[in-house]
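Student:
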Amino acid sequence: MHLVHSRIGLPLIYSLMNSPQALPIVVWFKRDLRWHDHAPLANAASWASASGAMVLPLWVYEPELWAQPDMAPQHSGFAQECVHDLERWIAQDGGKLCLLRAEMLVVLQALHAQIGAFTLVSHEETGNGWTFARDLAVAAWCAGKGVEWREFPGNGVVRRLSALGGRDRWSRLKAGRMDAPVIAPPQAVRWLDWHVAGLPVDTSHGVFQSTSPVGDLPDRKHGGRTAAETELASFLKHRAQHYRFEMSSPVTAAQTCSRISAHLAWGSLSIRECLHAVTARRLALQALPAEKRLTGFLQSLRSFEGRLHWHCHFIQKLESEPAIEFKNVNRGFDGLRNEADSAGELSVVEQQRLAAWCSGDTGYPFVDACMRSLLATGWINFRMRAMLMSFASYQLWLHWRPTGLHLARAFTDYEPGIHWSQCQMQSGVTGINTIRIYCPVKQSRDQDPSGAFIRAWLPALRDPALVPDTLIHEPWRMLTPPPGYPAPIVDLKAATLAAKNRIYPRKAEPEVQAQARQVFDKHGSRASNRAAMERGGQRPAAASKQGSAVAQNGAQQMQLDW
DNA sequence: AGTGCAGTTGACTTT
DNA sequence: TAAAGTCAACTGCAC
237 MHLVHSRIGL PLIYSLMNSP QALPIVVWFK RDLRWHDHAP LANAASWASA
287 SGAMVLPLWV YEPELWAQPD MAPQHSGFAQ ECVHDLERWI AQDGGKLCLL
337 RAEMLVVLQA LHAQIGAFTL VSHEETGNGW TFARDLAVAA WCAGKGVEWR
387 EFPGNGVVRR LSALGGRDRW SRLKAGRMDA PVIAPPQAVR WLDWHVAGLP
437 VDTSHGVFQS TSPVGDLPDR KHGGRTAAET ELASFLKHRA QHYRFEMSSP
487 VTAAQTCSRI SAHLAWGSLS IRECLHAVTA RRLALQALPA EKRLTGFLQS
537 LRSFEGRLHW HCHFIQKLES EPAIEFKNVN RGFDGLRNEA DSAGELSVVE
587 QQRLAAWCSG DTGYPFVDAC MRSLLATGWI NFRMRAMLMS FASYQLWLHW
637 RPTGLHLARA FTDYEPGIHW SQCQMQSGVT GINTIRIYCP VKQSRDQDPS
687 GAFIRAWLPA LRDPALVPDT LIHEPWRMLT PPPGYPAPIV DLKAATLAAK
737 NRIYPRKAEP EVQAQARQVF DKHGSRASNR AAMERGGQRP AAASKQGSAV
787 AQNGAQQMQL DW
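When we follow the working numbering, the leftmost residue of the first sequence carries the number 237, and every step to the right adds one.
1. Say whether the segment 528-540 touches the segment 632-644, bearing in mind that this needs 3 or more beta-carbon pairs closer than 8 Å, one atom from each stretch.
2. Please indicate yes or no: does the CB of Pro454 lie closer than 6 Å to some heavy atom of the ligand MG?
3. Going by the beta-carbon positions, is the gap between Phe550 and Gly653 smaller than 7 Å?
4. Is the beta carbon of Pro695 sitting closer than 7 Å to the one on Gly599?
5. What separation, rounded to the nearest whole angstrom, lies between the Cα atoms of Trp798 and Phe756?
6. Around the C-beta of Ser500, are 16 or more other C-beta atoms found within 10 angstroms, so that it is buried, or is it exposed?
7. What's the gap between the Cα of Met661 and the Cα of Gln423?
8. Count the CB pairs spanning the segment 738-751 and the segment 619-628 that are closer than 8 Å, and state whether there are at least three.
9. Could you tell me how far apart the beta carbons of Tyr479 and Ser539 are, in whole angstroms, since I believe they sit closer than 8 Å?
10. Within 8 Å, do at least three Cβ pairs link the segment 349-358 to the segment 320-337?
11. Indicate the three-state DSSP secondary structure (helix, strand or coil) for Phe540 in the structure shown.
12. Taking only the alpha-carbon atoms, compute the straight-line gap between Tyr250 and Asp273 and give it to the nearest angstrom.
13. Which residues share a DSSP beta bridge with Arg337?
14. Quick one: what's got a C-beta closer than 7 Å to Pro305's C-beta in the same chain, skipping five residues either side?
15. Please list, in chain order, all residues of the same chain as Ser609 whose beta carbon is under 7 Å from its beta carbon, the five residues on each side excluded.
16. From the DSSP output, which residues share a beta bridge with Arg232?
17. Can you tell me whether DSSP reads Trp430 as helix, strand or coil?
18. Does DSSP classify Trp264 as helix, strand or coil?
19. Between the Cα of Gln522 and those of Leu728, Trp502, Arg508, Leu537, spot the shortest distance and give me the residue it belongs to.
20. Whose C-beta lies closer than 7 Å to the C-beta of Arg713 among residues of the same chain, with five residues either side of it excluded?
21. What does the alpha-carbon distance come out to for the pair Gly288 and Ala281?
22. Counting Cβ pairs closer than 8 Å, one from the segment 670-687 and one from the segment 560-575, do we hit at least three?
23. Taking the beta carbon of Tyr297 as the centre, do at least 16 other beta carbons fall within 10 Å, making it buried, or is it exposed?
24. I need the straight-line Cα distance from Pro276 to Ala498, nearest angstrom please.
25. Using DSSP with H/G/I as helix, E/B as strand and the rest coil, what is Ser582?
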């Protein structure tokens, strides 16, 4: 990498500056659908103004991508909204976003045939297996044509991390990225307007035209920069105040949480922009006299900031090991559950369990309400995501692949790296994290004591005259269970016990533990006492006690951070 | 008034 | 981002 810095702090593409001719620069937008804090765009614009090159902004609807089993109509719907918004930003600078509907290699081939040599710039993408393979194919095509493809980091994820010191060095590398200034949007770019023959072109409407709106969610959050900024601003100004205590319950979370996750996933906001905005807000609050500070606001901001840092931590795992999408990161857990989409079919019972879980018909009101809410809105809070996954993985004993695919399609904010890391963690197959088996009835009582959330999403349980508050968490205990609501699909006590009897012995096996050590070396968080810090205090005595216990029982299970 | 005791709480461990 | 169990300290109360 030969990077120099311009006077406005942008890294410039050194090799481009020394090019004999000013080749057109193609800015390929991927899951980075924004005008602000966009390194490839800003660099292309800087170079263009210095060299006289033209800039072609490009977004491609790749049909094969949207047909992948982890993708859903709501994702292309959200992306479409972001693309529309991006079009407007480019248009206000006099440019025209080139929108095409074709596979990327076809587009590159047509582009090359019609305008000749060019330079390709984009962000590094840590996507699913399909985009990974596509990027390898694009790289091979570029190499074959002598086209330079320069990729820029777009977040804290570090490519080829092992060569740069691995996980021990990662935090520092990420911090350097996050502390760098937000990149200013370009101005007065020399735009290239390209119309290619033989490919669907023109408006975004045309490109998205045959995308079926069926299956999109009218009640999901919407894409685009304006929506993103509004959401972040209202969160930091007001909604974040009680974040720390209201994020856990689905009753309050939809209002209290930041709700910027889909914008981060599709790029209408950058993680750096968010971190800088949080910092600015924190400084503003700290500048207030103590009596004017809103109770709990600063602690809530800190908690939110912590979660923003987790974002790249989890995506980094998929970047370092793309197989995390498909295979147990700790192969010692292989064969524990039925790996349906690789080996063997699901049994009839498993099919029934999967179907009931997917549609929110398990007979456990809180689980079903969470799933119904998710399916309708494209979002549920983090704790409930964990509970849904836990219930599927333990009580229903389903492998994380089919359940993970369902959730991937259900989340508007599906981010492959976070998603598959979480799926593996919540089903206990990393070997380096505590097994967390949620009790849906306890969660129900804790997070929805009055049953308001359950009633809102399950019509069969809505009437308090029919189902009293005291029994709404366990309607099967009623003398006459409410009609129209299914009986529990599994016995909770028996299913939980069975899951424990399967997972703990496997986790204790020496081979599994040995693999867990490797998993930690490659992927584990180096943040010390992260959980303790989250709780808001140090406990040196307890920590040293635990440390000595671990030292004494070297053969015992590790409790490390994933 | 101090003692015994059942029940509660919280810190910590185990699964 | 768990839940259940253990244990010691504590509490309220009867005697």
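We put the beta carbon where it would ideally sit given N, CA and C, even for glycine.
Tutor: According to the data block:
1. no
2. This structure lacks the ligand MG, and indeed carries no ligand of any kind.
3. yes
4. no
5. 7 Å
6. It should be pointed out that residue 500 corresponds to Leu in this sequence rather than to Ser. Counting Cβ neighbours within 10 Å, Leu500 comes out buried, since at least 16 surround it.
7. 44 Å
8. no
9. 6 Å
10. no
11. helix
12. Residue confidence is low: Tyr250 scores 44 on pLDDT, short of 50, so the model does not pin down where it sits. Its coordinate-derived value is still stated next. Roughly 20 Å between the two C-alpha positions.
13. Tyr297
14. Leu641
15. Pro486, Ile616, Trp693
16. The displayed coordinates of the chain run from 237 to 798. Any statement about residue 232 would go beyond what the structure contains.
17. coil
18. strand
19. Leu537
20. Leu707
21. 10 Å
22. no
23. buried
24. 21 Å
25. Strictly speaking, residue 582 in this sequence is Leu, with Ser absent from that position. The answer is coil: DSSP assigns Leu582 none of H, G, I, E or B.
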